[in-house]
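**Q** Protein chains in written order, with my numbering: chain A, 51 to 477; chain B, 9 to 298.
Quick reminder that beta carbons are idealized off the backbone N, C-alpha and C, glycines included.
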């Protein structure tokens, strides 16, 4: 495009942006067309699921003669903008896969259909899912999406360097220090990526932090619970247990893990396959739920994952719901696991030997009973970005832990200003 | 009567400019004084006027400064590089000793007319840390592999290389036109005075090309200030925002998160930056002509 840097289209970027604005304005006014009712159901699926879900469709079509499903693949990197743009343009499909943290935003837009009534009379029931997995899909007491698979994070560790999986934070730090001593002169112990907010938020949740307060209208980062978690997190870097630095470390995680430069990583199910493929089989490793800082283990982890949304304006909502029911069945959840490694959201699917008999997967099963959702507001993603930013400042020492929490509260309060205005106060 | 006829002829073009350029630009300017966001998409009554609030936020937004720094770096490094490479290429294909000049011209111009997305896919292979040709060449020379697109230090230079390769053909053609506009007698006079190749270049070619340099400089700078497609396709602004450009930031704010008010403010600021850069160049041009 014009911005490719050559002159023949000089000004192209701005003109293009301006054009987009016109198109958007047009779309907001509402020029969307509705599709005819006899066209196939459309399903938007992202990333890896988008590639494999077509293989699951024939079984659905065989069961429901007369229904056809068209799958459109969307890369994760473009999924969010595509979703919002299609909503504004009135061009949404019948069923969409979404990251479950997007549900609150879609609810604000009025894009999803409420599902409580359908679930009451359906073959899938709300009790079929792990409560912690369902929770991110529930906004203001209403279910707006159905969990498809779970992406929570747990501890991946070298079982030869850390013989017993730590159950508490104290045991965790001790085990990491011990592993570091064995790892050689350049060794660290745990890889925490500076660009990721998830490990810190998991630790904060373990301390009991709620992150926001007063109906999610203000930041609550100066709360002692969050402050303690941040101090713990920063200390992991200061003491050298976590490597500071090289963004290149992210690329070398498998190599470093195999070499013992790091002996633990907090990561998710997508890495089960990667670790199995990239870490030499001579290296002993295992997985364990997140250690607890207080109370009985495991400590909580994030209720990440993807959900299926029934679009409110779908002209064939009943048929679309049949597709969601189908994809939610234990058999299809196991099929999805076989195709992608995704972990089922449906409790019954976990009785399958493929999942139950794999000890590395079983650790995820224990974690599923201790999940927490991030605050269910559209602003969360932006606030999370600020957490990354100020946590890094605290780690690098350009800010004290107290300054960082103060700055975080100020940033969050700024981002939430519109929310407070909309709610008219916040009590 | 005559005046009306003239207006009639330009009316279609003026109309298009009005509808597709002026109107959206004014709309964007107005939008930048509002807090149009995802809440407003759902319900227009949730729109508020915020005056210069978006601009104030922009001043305190680290990502904006990162984006501006990256963009200016790109202009400062890729711009001169592009001009140098295209001038060198133009001199080569203009040289009379070269046979089949038309073929070379076409080949060197090819990247300009190739779609960037297709090019980006190929370049991602070239830049691949393990299997990429570039690292294999470095390896043959005994240099440790570089994670071109994954290392914050190298990602922007890697994109600059791609952008220069992709775009130099156009500037080359402009230089070529400039070179062919230099009267032959100047070279003959220089030769009579005993000028060598280098002196000819220094005292005939360069001064004669001055207006071309300015044109190419302005156009290239404006183009690179609007850097978008390369980082969007290759790195999505990462790693660690090291390839985040101003236009990419605008796009992310506006169309990924639907903070259209804030995105519009970014667009307006970029417009002012480009305007300022163009004015400076124009001033230089006047001085050189005078």
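Whole angstroms are fine: how far does the CA of residue 109/A sit from the CA of residue 121/B?
**A** Between residue 121/B and residue 109/A, the C-alpha separation is close to 45 Å.
**Q** Across the region 203-221 of chain A and the region 332-345 of chain A, are there enough close Cβ pairs to call them in contact, namely three or more that are closer than 8 Å?
**A** Touching, yes.
**Q** Per DSSP, which one or two residues make a beta bridge with residue 355/A?
**A** DSSP, once it has assigned bridges, lists 200/A as partnering residue 355/A.
**Q** Here's the rule I'm using: 16 or more other beta-carbon atoms within 10 Å means buried, otherwise exposed. How should residue 428/A be labelled?
**A** Classification of residue 428/A: buried, given that the 10 Å Cβ count is 16 or more.
**Q** Beta-carbon of residue 265/A versus every beta-carbon of chain B: anything under 8 Å?
**A** No, residue 265/A lies away from the interface with chain B (no Cβ there is under 8 Å from its Cβ).
**Q** 8 Å is my cut-off, CB to CB: does residue 289/B come that close to chain A?
**A** Not an interface residue.
**Q** Among the residues of its own chain, which have a CB less than 7 Å from the CB of residue 273/B, if the five just before and after it don't count?
**A** Here the set comprises 40, 62, 63 and 66.
**Q** Quick one: what's got a C-beta closer than 7 Å to residue 425/A's C-beta in the same chain, skipping five residues either side?
**A** Within the same chain, residue 425/A has close Cβ partners 261, 262 and 266.
**Q** Under 8 Å between C-beta atoms, does residue 130/B make it to chain A?
**A** For residue 130/B, the answer is no, since every Cβ of chain A falls outside 8 Å of its Cβ.
**Q** Within a Cβ cutoff of 7 Å, which residues of the same chain sit near residue 286/A, ignoring the five residues on either side of it in sequence?
**A** For residue 286/A, where only same-chain residues beyond five positions count, the Cβ hits under 7 Å are 240, 242 and 292.
**Q** If the cut-off is 7 Å on Cβ atoms, which residues from the region 143-165 of chain B count as contacting chain A, listed in chain order?
**A** For the region 143-165 of chain B, which is checked against every Cβ of chain A, the residues closer than 7 Å are 155, 158, 159 and 160.
**Q** How is the alpha helix (DSSP H) around residue 430/A delimited, first residue to last?
**A** It spans 430-446 - the alpha helix (DSSP H) in which residue 430/A sits, taken as one unbroken run.
**Q** Taking the C-alpha atoms as reference points, what is the distance between residue 119/A and residue 434/A?
**A** The straight-line gap from Cα to Cα measures roughly 36 Å.
**Q** Name the residue from 133/A, 395/A and 353/A whose alpha carbon lies nearest to the alpha carbon of residue 317/A.
**A** It is 353/A.
**Q** For residue 207/A, does the three-state DSSP call read helix, strand or coil?
**A** It is a strand residue.
**Q** With a 10 Å radius around its C-beta and 16 neighbouring C-beta atoms as the bar for buried, classify residue 311/A as buried or exposed.
**A** When all chains shown are included, residue 311/A counts as buried.
**Q** Take residue 225/A and list the residues in its own chain whose beta-carbon comes closer than 7 Å to its own, dropping the five residues that flank it on each side.
**A** So the qualifying residues of the chain are 212 and 216.
**Q** When DSSP labels each residue in this structure, what does residue 298/A get in the three-state scheme?
**A** Its pLDDT being 44, under 50, residue 298/A is placed unreliably in this model, and the value from its coordinates should be taken loosely. Residue state, collapsed to three classes: helix.
**Q** Closest to residue 279/A by CA distance: which of 325/A, 252/A, 309/A and 453/A is it?
**A** Ranking the options by Cα distance to residue 279/A, first place goes to 252/A.
**Q** Is the beta carbon of residue 414/A sitting closer than 8 Å to the one on residue 315/A?
**A** Against a cut-off of 8 Å, the Cβ pair of residue 315/A and residue 414/A comes out as no contact.
**Q** In chain order, what residues of the same chain have a beta carbon less than 6 Å from the beta carbon of residue 97/B, not counting five sequence neighbours either side?
**A** The answer, listed in chain order, is 116 and 180.
**Q** Excluding the five sequence neighbours on either side, which residues of its own chain have a C-beta within less than 6 Å of the C-beta of residue 250/A, listed in chain order?
**A** Excluding sequence neighbours, residue 250/A sits near 283 and 441.
**Q** Rounded to a whole number of angstroms, what is the C-alpha to C-alpha distance between residue 459/A and residue 47/B?
**A** Their backbone Cα atoms lie some 22 Å apart in a straight line.
**Q** Using the beta-carbon of each residue, which ones in chain B are nearer than 8 Å to residue 127/A?
**A** Within 8 Å Cβ-Cβ: 244.
**Q** DSSP state of residue 269/A, grouped into three classes?
**A** Strand, per DSSP.
**Q** Any idea which residues DSSP pairs residue 255/A with across the strands?
**A** For residue 255/A, which the question treats as bridged, DSSP gives no partner whatsoever.
**Q** In chain A, what lies closer than 7 Å to residue 266/B by C-beta?
**A** In chain order: 134.
**Q** Can you give me the C-alpha to C-alpha distance between residue 251/B and residue 70/B, rounded to a whole angstrom?
**A** Cα to Cα, residue 251/B sits roughly 14 Å from residue 70/B.
**Q** Determine the burial state of residue 469/A: buried for a count of at least 16 other Cβ atoms within 10 Å of its Cβ, exposed for fewer.
**A** Buried.
**Q** What does residue 183/A touch in chain B if you count any residue whose Cβ is under 7 Å from its own?
**A** Going along chain B, no residue has its Cβ under 7 Å from residue 183/A, so there is no contact; the nearest lies around 25 Å.
**Q** To which residues does DSSP link residue 120/A through a beta bridge?
**A** 92/A, per the DSSP bridge assignment.
**Q** Within its chain, find whatever has a CB closer than 8 Å to the CB of residue 146/B; leave out the 5 residues flanking it on each side and keep chain order.
**A** Closer than 8 Å at the Cβ level, and outside the excluded window around residue 146/B, lie 152, 153 and 154.
**Q** Between residue 59/B and the rest of its own chain, which residues show a CB-CB distance below 8 Å, the 5 nearest in sequence each way excluded?
**A** Same-chain partners within the cutoff: 41.
**Q** Taking residue 234/B as the reference, give the member of 257/B, 92/B, 13/B and 222/B with the closest Cα.
**A** Looking at the Cα atoms, 257/B is the closest of the given residues.
**Q** With 16 as the cutoff for other CB atoms within 10 Å, does residue 202/A come out buried or exposed?
**A** Residue 202/A should be labelled buried.
**Q** Drop a sphere of 10 angstroms on the beta-carbon of residue 104/B, count the other beta-carbons inside from all chains shown, and report buried for 16 or more, exposed for fewer.
**A** Classification for residue 104/B: exposed.
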